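Peer 1:
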RNA sequence: GCGGGCGUGAUGGAACUGGUAGACAUACAGGACUUAAAAUCCUGAGGCCUUGUGCCGUGCGGGUUCGAGUCCCGCCGCCCGCACCA
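Numbering (the working numbering), first residue to last: 33 to 908.
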């Protein structure tokens, strides 16, 4: 009798429809069950979903379905991070409106996601480019503005003179615009910023409480915030050398202890003192220009030589009026960190040492290793940066650097310069305020009006939303909002006179910084319904790529604080549990050679094994081609597999199962044809086993006094149930998968017996229960197959609604234990004994074993170690 | 440069808190069924040899321990993040 193969193409759409009709995954806000909010990072609607999405959303769906089975009211929503540049690029390339392009992509991707059988609440769906969404984002902006959480800041930007637009650092390639190829200029522009730095300390401290986040992500955030403790130190300018109206130079240092090793000051090219000095010195002005042009390119920074230019200005040492030091402009000093000025201590800092050696400045060692000889200790090529003892430092000599730090800080706090303390302890952060202005069309308009009389006036809430105009042209580069004939011309809401609308739009990271809160009440007129937001949040499990470990997560954490400050919600942290999943990677295939080399997509390659060697052939030409390294799936390397193709040929369940098998979820998974086929074999195997045994599996509880084979089946079922549940809780999907394989291997034999009618009622009952358990356990991972099996077994309702069964702990623990028995730490045999046998009994039994006796050869053991429930070691 | 992680069969990976290394899967080999193939089912498998109650084996070298993939010290290799941050 040939069993019909499971056909996902028929089965999967059927169950997707059944779930939708039953509204199984639509979640109510008022529900007495405990809440669980699981969220995967929402996608950018680029066109089609890719395997990374499949992996991400499968993991989230396993958790969502599992938690539902455990009795939680689960919120599992989906939306679209829909603003952004690709839509504008498409508009330029294809003459299609960014909105039209975006919504078409959303339609495609939505139906692709639906074909995956995800248990999403589609009733809460929105796109960030929906006016209903960005309207509320504008409300938030206005609230933030009123609360002082938004500011204006003039900052340098990369300006593309051809495209007439600002470029992100990543869009500057070798100093040229990525699209236009024009040399990029540095321009100063007034930009809107969110004052994330108001929360630097809070954002840092709260990381400690995020114990369900990966350590790595917390560390990255910590480094990004970059707290340092130091001293703000004011040096008096030597009046004989100071420019007019300048009397002091303020520097920030974390090493005030090395103040007697100072040999120069270095200031940024944009430092006010540098500008003043440059005004009187054309050579210096030229040098400053050079520094500015060096710009922000990463490559330039890496290789750039440390250069300086002596301004001729000198400062007076705070502890010695007779000691003056030169002030240099240096190309490595950043204007926007600290005060834009440092003091250089060559012996304690490699960069300062290189600089001193280059310009012939003195090098005085001030810290030497403990136990060194101060008379002979010298620094020539390598700075000494470790802990030690102070030398050559007058009243600091003999102290540790930490003691010296405090001594200098205390003395300078008491020493006055121009009526102010000369030194002040200061905590400094690397974190900068978040510039959100983007000179583009396809983003959330910043709801602000510029009036010559009234200055900056927020758009009154009654006049929100500020809608994006639809009649825009993309035939020219630049921001279409800026050159729109009417859109920007408005009346000032305050004085009624002619005024200008802000034409910048918001960084798309703003859109994604609060969407998780909007999902809790997507139809609400205000940005949130605080009651709903406070009830649902924080997100219990957030899942996404490591590439968002810093910015997106940090911005969302800031938004949560800013929204609390403006009364939109009341909680500390948005994401209680965070998980970063690995990438989907695939082999690459390269044909041709040299100039004519090209990448070949996996679908166009046939791989075969011959003589233990894997070889690849291009199907079109039949030529053997090179198998390249395994890399992240990307269009440029063509090593992509389309989820649609996989779902069409194997079904969504197979794709889902494969995505979570084998590789731990945080690591990269290698997509292989063999792996997918293996997953599909398992789908068919489960189906075959169940459908063949189903007629014989009358619903029956396992007999209470089951023993032998039936007991073994029951034990395996309960044990697996327990472990799989624990694995899913820990997101260890690959382990859960392995345990399910194991269970199927265990019950396959008994099920065959049952199907053949050769079993007693105890075995039938045990098998029935094992199969019911199995179906519930695979339901989060392979929901369609589970439904089909559930129906075949004649169980009531749908598998998606089934509760996770209770584990019978008595069946999980064995009555007998097989102790491995070691002689001198090497396993030599086993001892099977009652679980509750005490240590003495175990020891006596072990000493009776034949191989133990012969190892002892009549003499007494030196030692017998019995680790209860674990192992026995006999030391001879 | 600074910070973090990882290194286990042919491959992806298991191994709880120091306690049977290699679960599970993939690939492979052999067998059954078949005219044949696919599918399915069964079996095998870390390496080595002197085939034993054997020896070796978790990147390399040491150490702690009755016992080390796991802990400690020193190396090597790979990956990731940050990076002129004073």
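Built from N, CA and C at the ideal position, the CB exists for glycine as well.
Since the structure is predicted, the reported quantities are computational estimates derived from the model, not experimental observations.
#1: Report all residues from its chain with a CB closer than 6 Å to the CB of residue 425; omit the five preceding and five following residues, and keep chain order.
#2: Output the boundary residues of the beta strand (DSSP E) element that contains residue 596.
#3: With 16 as the cutoff for other CB atoms within 10 Å, does residue 862 come out buried or exposed?
#4: Tell whether a beta-carbon distance below 9 Å holds between residue 544 and residue 73.
#5: Entirely within the segment 793-858 and at least 3 residues each: give me those beta strand (DSSP E) ranges in chain order.
#6: Checking the sheet assignment: what are the DSSP bridge partners for residue 275?
#7: From the DSSP output, in three-state form, read off residue 448 for me.
#8: What are the complete alpha helix (DSSP H) segments, minimum 4 residues, inside the segment 83-138?
#9: Look at the alpha carbon of residue 760 and the alpha carbon of residue 739, and state the distance between them as a whole number of angstroms.
#10: What are the partner residues of residue 358, as DSSP defines its beta bridges?
#11: What does the Cβ neighbour count give for residue 619, buried or exposed, with the cut at 16 atoms within 10 Å?
#12: DSSP has residue 375 in a bridge; who is on the other side?
#13: Curious, which full-length beta strand (DSSP E) runs of at least 3 residues does the segment 650-734 contain?
#14: Report yes or no: do three or more beta-carbon pairs, one from the segment 275-294 and one from the segment 243-252, lie closer than 8 Å?
#15: Which term fits residue 699, buried or exposed, when burial requires 16 or more other beta carbons within 10 angstroms of its beta carbon?
#16: Residue 747: buried (16+ other C-beta within 10 angstroms of its C-beta) or exposed?
#17: With which residues is residue 261 paired in a DSSP beta bridge?
#18: From residue 131 to residue 115, what does the alpha carbon distance come to, in whole angstroms?
#19: Along the chain, which unbroken stretches of the alpha helix (DSSP H) at least 4 residues long are found entirely within the segment 130-204?
#20: Our contact map puts residue 876 next to residue 849 with C-beta atoms below 8 Å; I'd like the distance itself, whole angstroms only.
#21: Mapping the DSSP letters down to three states, classify residue 601 as helix, strand or coil.
#22: Using the C-alpha atoms, what's the distance from residue 159 back to residue 479?
#23: Work out the CA separation of residue 630 and residue 691 for me, nearest whole Å.
#24: Can you check which of these residues, 417, 248, 446 and 529, is closest to residue 432 by C-alpha distance?
#25: Can you give the Cα-Cα distance for residue 383 and residue 409, rounded to whole angstroms?
#26: Quick check on DSSP: helix, strand or coil for residue 396?
#27: Confirm, please, whether the CB-CB distance from residue 375 to residue 357 is below 9 Å.
#28: Assign residue 261 to buried or exposed, taking buried as 16 or more other Cβ atoms, counted over all protein chains shown, within 10 Å of its Cβ.
#29: Since residue 490 is in the beta strand (DSSP E), which residue starts that stretch and which ends it?
#30: Rounded to whole angstroms, what is the Cα-Cα separation between residue 621 and residue 601?
#31: Could you give the distance in angstroms between the alpha-carbon of residue 568 and the alpha-carbon of residue 550?
#32: Along the chain, where does the beta strand (DSSP E) containing residue 612 start, and where does it finish?
#33: In its own chain, which residues sit with a C-beta less than 7 Å from the C-beta of residue 448, not counting the 5 before and 5 after it?
#34: Can you tell me which of the three DSSP states residue 248 falls into?
#35: For residue 593 and residue 475, what's the separation of their Cα atoms in angstroms?
#36: Between the C-alpha atoms of residue 46 and residue 170, what's the straight-line distance to the nearest angstrom?
Peer 2: By the coordinates alone:
#1: Walking along the first chain from the start, residue 425 turns up at place 393. Closer than 6 Å at the Cβ level, and outside the excluded window around residue 425, lie 292 and 398.
#2: Sequence index remark: in the first chain, residue 596 carries index 564 (1-based). Element bounds for residue 596: not the beta strand (DSSP E) but the alpha helix (DSSP H), 583-597.
#3: In the first chain, the residue the question calls residue 862 occupies position 830. With fewer than 16 other Cβ atoms within 10 Å, it is exposed.
#4: Residue numbering aside, residue 544 sits at position 512 when the first chain is read from its first letter. Residue numbering aside, residue 73 sits at position 41 when the first chain is read from its first letter. Against a cut-off of 9 Å, the Cβ pair of residue 73 and residue 544 comes out as a contact.
#5: 848-855
#6: The count along the first chain starts at 1 and reaches residue 275 at position 243. DSSP output for residue 275 lists no bridge partner at all.
#7: The residue you call residue 448 lines up with position 416 of the first chain. Three-state result, residue 448: strand.
#8: 83-101 and 117-126
#9: For this step, residue 760 is matched to residue 728 along the first chain. For this step, residue 739 is matched to residue 707 along the first chain. Approximately 30 Å between the Cα atoms of the pair.
#10: As a first step, residue 358 is located in the first chain; it is residue number 326 there, counting from the start. Paired residues: 346.
#11: For this step, residue 619 is matched to residue 587 along the first chain. By the 10 Å Cβ count, residue 619 comes out buried.
#12: Counting from one through the first chain, the residue named residue 375 turns up at place 343. 297, per the DSSP bridge assignment.
#13: 656-664
#14: no
#15: Position 667 of the first chain holds residue 699. Looking at its Cβ environment, which holds fewer than 16 other Cβ atoms inside 10 Å, residue 699 is exposed.
#16: Locating residue 747 in the first chain gives position 715, where the first residue counts as 1. By the neighbour-count rule (16 or more Cβ atoms within 10 Å), residue 747 is buried.
#17: On the first chain, position 229 is the one that residue 261 refers to. Looking at the DSSP assignment, residue 261 forms a beta bridge with 459.
#18: On the first chain, position 99 is the one that residue 131 refers to. On the first chain, position 83 is the one that residue 115 refers to. Near 9 Å, if we compare the C-alpha coordinates of residue 115 and residue 131.
#19: 130-146 and 163-178
#20: For this step, residue 876 is matched to residue 844 along the first chain. For this step, residue 849 is matched to residue 817 along the first chain. Actually they do not touch by this definition, with Cβ atoms about 15 Å apart.
#21: By one-based count along the first chain, residue 601 stands at place 569. Coil at residue 601, not helix or strand.
#22: Locating residue 479 in the first chain gives position 447, counting from the first residue. Locating residue 159 in the first chain gives position 127, counting from the first residue. Their backbone Cα atoms lie some 19 Å apart in a straight line.
#23: Position 659 of the first chain holds residue 691. Position 598 of the first chain holds residue 630. Cα to Cα, the separation comes out at about 28 Å.
#24: On the first chain, residue 432 is found 400 positions in, with the first residue counted as 1. Measuring from the Cα of residue 432, the nearest candidate turns out to be 417.
#25: The residue you call residue 383 lines up with position 351 of the first chain. The residue you call residue 409 lines up with position 377 of the first chain. Going from the Cα of residue 383 to the Cα of residue 409 covers about 20 Å.
#26: Numbered from 1 along the first chain, position 364 holds the residue referred to as residue 396. Looking at residue 396 - three-state DSSP - the assignment turns out to be coil, as it is neither helix nor strand.
#27: Working through the first chain from its first residue, we reach residue 357 at position 325. Working through the first chain from its first residue, we reach residue 375 at position 343. Contact flag set, yes.
#28: The residue labelled residue 261 in the question sits at position 229 within the first chain. Flag for residue 261 reads exposed.
#29: Locating residue 490 in the first chain gives position 458, counting from the first residue. Element bounds for residue 490: 487-490.
#30: Within the first chain, residue 621 is the residue found at index 589, counting from 1. Within the first chain, residue 601 is the residue found at index 569, counting from 1. Each residue's alpha carbon lies about 51 Å from the other.
#31: Numbered from 1 along the first chain, position 536 holds the residue referred to as residue 568. Numbered from 1 along the first chain, position 518 holds the residue referred to as residue 550. Taking the straight line from one Cα to the other gives about 11 Å.
#32: Residue numbering aside, residue 612 sits at position 580 when the first chain is read from its first letter. Looking at the DSSP string, the run of the beta strand (DSSP E) that includes residue 612 is 610-613.
#33: The sequence position of residue 448 within the first chain is 416, counting from 1. For residue 448, where only same-chain residues beyond five positions count, the Cβ hits under 7 Å are 454.
#34: Residue 248 sits at position 216 when you count from the first residue of the first chain. DSSP places residue 248 in helix when its eight states are reduced to three.
#35: Here residue 593 is taken as the residue at index 561 of the first chain, counted from 1. Here residue 475 is taken as the residue at index 443 of the first chain, counted from 1. In a straight line, the C-alpha of residue 593 is about 23 Å away from that of residue 475.
#36: Taking the first residue of the first chain as position 1, residue 46 is located at position 14. Taking the first residue of the first chain as position 1, residue 170 is located at position 138. C-alpha separation (whole angstroms): 42 Å.
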